[in-house]
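Residue numbering for the sequence shown follows our numbering, starting at 3 and increasing by one per position.
Note sheet for the following structure.
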Amino acid sequence: MTDPEVEIFWPSSLPSDPATEAQGLLHEAGIHTTCMLRPTRRGAADVVLVLVTTAVLEPFLRTLFQGLAEEAHRGLRTFVDRLLARSSKSQKAPEELVIQASEGGRITFTTNLPDQAYQQAVDLDARDGRWAWDAQRVMWVPV
């Protein structure tokens with residue numbers, strides 16, 4: 003597997019500090035990361051897209067986020083929380099974070115996911131599927 007690169011596409015309607023901080027986290031872990039602002043479409047939700055240049059997300063998630071924390075799922079949670087957090091109660095934040103592989107596999111994260119979601123996400127084989135957390139079934143499901 004070649005070294006992954008990451009592009010963070012951040013909604014321009016939101017303060018960019020969380021994106022800059024997340025980019026810094028990835029740089030510290032040795033991942034080449036670019037952060038770009040993108041215009042928000044009228045009526046569309048503010049969604050952050052993290053595009054990785056690797057076909058398979060599972061090894062990327064495990065390798066990258068293992069470098070950010072002792073356990074990969076904790077590093078993933080730190081990264082997602084950083085991007086979805088509000089700086090203050092009056093500030094808007096993204097509604098979702100989508101991590102997508104260049105081949106199309108994607109996992110959609112939202113706020114307040116349980117620790118179990120992050121534990122499962124680092125082992126999820128998301129080659130070309132689209133996955134969302136199902137709170138009732140307590141598992142990632144294809145959408």
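Virtual Cβ for every residue (Gly too), placed ideally from N, Cα, C.
Since the structure is predicted, the reported quantities are computational estimates derived from the model, not experimental observations.
For residue i and residue j, which I take to be in contact (beta-carbon distance under 8 Å), what is that distance rounded to the nearest angstrom?
{"i": "V54", "j": "L28", "result": "Not quite, the Cβ-Cβ distance comes to about 10 Å (not below 8 Å), so this is no contact."}
{"i": "E97", "j": "D130", "result": "Contact doesn't hold; Cβ gap of about 24 Å is too wide."}
{"i": "V145", "j": "R132", "result": "5 Å"}
{"i": "L86", "j": "T113", "result": "5 Å"}
Using the Cα positions of residue i and residue j, report the straight-line distance between them to the nearest angstrom.
{"i": "W135", "j": "P13", "result": "23 Å"}
{"i": "D19", "j": "I10", "result": "13 Å"}
{"i": "S15", "j": "Q122", "result": "31 Å"}
{"i": "G23", "j": "R84", "result": "Here residue 23 is Glu; the residue named in the question, Gly, does not match the sequence. C-alpha separation (whole angstroms): 8 Å."}
{"i": "D127", "j": "K94", "result": "32 Å"}
{"i": "V1", "j": "Q138", "result": "This structure cannot speak to residue 1, because the chain is shown only from 3 to 145."}
{"i": "E30", "j": "D125", "result": "23 Å"}
{"i": "Q68", "j": "L78", "result": "8 Å"}
{"i": "L66", "j": "T80", "result": "12 Å"}
{"i": "E72", "j": "R40", "result": "33 Å"}
{"i": "G32", "j": "E105", "result": "22 Å"}
{"i": "V52", "j": "R76", "result": "18 Å"}
Taking buried to mean at least 16 other C-beta atoms within 10 Å of its own C-beta, is residue i buried or exposed?
{"i": "Q25", "result": "buried"}
{"i": "P116", "result": "exposed"}
{"i": "V35", "result": "The sequence shown places Thr at residue 35, rather than the Val named in the question. T35 comes out buried."}
{"i": "T107", "result": "Position check: residue 107 holds Gly in this sequence, whereas Thr was assumed. By the 10 Å Cβ count, G107 comes out buried."}
{"i": "Q146", "result": "No statement about residue 146 is possible, as the shown extent of the chain runs from 3 to 145 and does not include it."}
Does any residue of chain D have a CB that is nearer than 7 Å to the CB of residue i?
{"i": "A128", "result": "Here there is only one protein chain, and chain D is not present."}
Identify every residue that forms a DSSP beta bridge with residue i.
{"i": "L39", "result": "W12"}
{"i": "R132", "result": "R108"}
{"i": "E7", "result": "H34"}
{"i": "L53", "result": "E9 and Q102"}
{"i": "P144", "result": "W133"}
Can you give me the Cβ contacts of residue i inside the same chain, cut-off strictly under 6 Å, excluding the 5 residues immediately before and after it?
{"i": "V143", "result": "D136"}
{"i": "T110", "result": "E98, V100 and A134"}
{"i": "A21", "result": "I10, W12 and C37"}
Between which residues of its own chain and residue i is the CB-CB distance below 7 Å, once the five residues before and five after are set aside?
{"i": "R64", "result": "A74 and V124"}
Just to confirm my understanding: we take residue i, look at its own chain, exclude 5 residues before and 5 after, and list those with CB closer than 8 Å. What are they?
{"i": "M38", "result": "E9, I10, F11 and W12"}
{"i": "V82", "result": "L99, F111, L115 and Y120"}
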